[in-house]
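Peer 1: Mind having a look at this structure? Questions to follow.
In the numbering used here, the protein residues as written are 108 to 268.
Structure follows, in structure tokens:
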């Protein structure tokens, strides 16, 4: 679609043939530029769609891998209790979030980081780091976001021995 407002209008009676020729060339150039802009926007949209689709597939496979944890056979019998305690910890952090007790939340995030690393649950450790960092910033929205992701993870994690 050509944006005619960008074209130069020259009444027929105005200007010399040379001026009219220049105006026509400028208008043709503007029309070509508009066409190129439209093509560029179409390519950007297509590229963004393909990138999102590829990113979604990659993200899905990464998440699937992250939801599988190989644990030391010696720790295997402790894992159900370990995971249940993490669920309780989420509830405690949410209670502290309601009270705006960010120092307690930072400590709980730090503890999540430690136990996650100890038991080989990288996602739990990572969420603990993020919760601790956001508590130091007093960013309750991000803390809630990380708690939600952690709760989803705890519901979906598969233990491999």
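In this text, a Cβ means the ideal position worked out from N, Cα and C, and glycines have one as well.
Do you know how far the Cα of residue 141 is from the Cα of residue 126?
Peer 2: The residue given as residue 126 occupies position 19 in the chain shown. The residue given as residue 141 occupies position 34 in the chain shown. Their Cα atoms are separated by approximately 22 Å.
Peer 1: Does residue 169 pass the burial test, meaning 16 or more other C-beta atoms within 10 Å, or should it be called exposed?
Peer 2: Position 62 of the chain shown, counted from the first residue, corresponds to residue 169. Low per-residue confidence applies at residue 169: pLDDT is 45, beneath 50, and the placement is therefore not dependable enough to give any value.
Peer 1: Does DSSP put residue 130 in a helix, a strand or coil?
Peer 2: Walking along the chain shown from the start, residue 130 turns up at place 23. Correct three-state label for residue 130: helix.
Peer 1: Going by DSSP, which residues form a beta bridge with residue 265?
Peer 2: Locating residue 265 in the chain shown gives position 158, where the first residue counts as 1. DSSP output for residue 265 lists 175 as bridge partner(s).
Peer 1: How big is the Cα-Cα spacing for residue 215 and residue 179?
Peer 2: Taking the chain shown and counting its residues from 1, the one referred to as residue 215 is at position 108. Taking the chain shown and counting its residues from 1, the one referred to as residue 179 is at position 72. Spanning the two alpha carbons is a distance of roughly 25 Å.
Peer 1: Which whole-angstrom value describes the C-beta separation of residue 238 and residue 219, a residue pair presumed to lie in contact below a C-beta threshold of 8 Å?
Peer 2: Stepping through the chain shown from its first residue, residue 238 is reached at position 131. Stepping through the chain shown from its first residue, residue 219 is reached at position 112. Indeed they touch by this definition, with Cβ atoms about 7 Å apart.
Peer 1: Straight-line CA distance for residue 209 to residue 235?
Peer 2: For the purposes of this step, residue 209 is taken as the residue at position 102 of the chain shown. For the purposes of this step, residue 235 is taken as the residue at position 128 of the chain shown. So the alpha carbons of these two residues sit roughly 14 Å apart.
Peer 1: Secondary structure at residue 257, three-state DSSP: helix, strand or coil?
Peer 2: To locate residue 257, count along the chain shown from 1; it is residue 150. Helix.
Peer 1: Going by other Cβ atoms of all chains shown within 10 Å of its Cβ, with 16 needed for buried, is residue 241 buried or exposed?
Peer 2: For this step, residue 241 is matched to residue 134 along the chain shown. Counting Cβ neighbours within 10 Å, residue 241 comes out buried, since at least 16 surround it.
Peer 1: What separation, rounded to the nearest whole angstrom, lies between the Cα atoms of residue 130 and residue 112?
Peer 2: Translated into positions along the chain shown, residue 130 becomes position 23. Translated into positions along the chain shown, residue 112 becomes position 5. Cα-Cα distance, rounded: 14 Å.
Peer 1: Please state whether the Cβ-Cβ distance between residue 260 and residue 222 is less than 7 Å.
Peer 2: Within the chain shown, numbered from 1, the residue matching residue 260 stands at position 153. Within the chain shown, numbered from 1, the residue matching residue 222 stands at position 115. Not in contact: residue 260 and residue 222 (Cβ atoms no closer than 7 Å).
Peer 1: Is it buried or exposed, residue 257, if we count other Cβ atoms within 10 angstroms and call 16 or more buried?
Peer 2: For the purposes of this step, residue 257 is taken as residue 150 along the chain shown, with counting starting at 1. With 16 or more Cβ atoms within 10 Å of its Cβ, residue 257 is classed as buried.
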